[in-house]
Amino acid sequence: MGFNRIAKKHGISIRALNDLNNGNIGESIAKKLGVSIYSLQIFIDGSTSNGLAAKIETTPSSLQRLRNTIGRKGAIGLIFGLLIRERKYYNGFEF
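Here the UniProt record's numbering is used: position 7 in the sequence shown is 7, and no number is missing along the way.
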């Protein structure tokens, strides 16, 4: 799925997706996921995040182990995946 398609489908700018791809979280992505910019950014940068852990229903320590395993690029990919998943289960209903 290309950036144009993701951006159009999720109402996020291509710039925000490019920024995410470069490891920088924007407000629109944080809003879509319901997690603070800070929580998402520290996860990408190598730490754990209570907000993101709650979002994916795990503990902060488990999230930290995941982050250590998948690295920076994996963390960015996880956030992309959550963004795509968020649309599918918007308001608890599958589209």
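Even glycine gets a Cβ: it sits at the ideal position worked out from N, Cα and C.
Fair warning: this is a prediction, and the values are worked out from it, not measured in the lab.
Taken in chain order, the whole beta strand (DSSP E) runs of length 3 or more contained in the region 26–89 number zero. Looking at the backbone, the Cα of N18 and that of N4 are separated by about 10 Å. 9 Å or more divides the Cβ of G74 from the Cβ of R85. Here I14 has F3, N4, A7 as same chain residues with Cβ atoms under 8 Å from its own Cβ, once five neighbours each way along the sequence are excluded. Sixteen is the threshold: when 16 or more other Cβ atoms of the shown chains lie within 10 Å of the Cβ of S28, as they do, the residue is buried.
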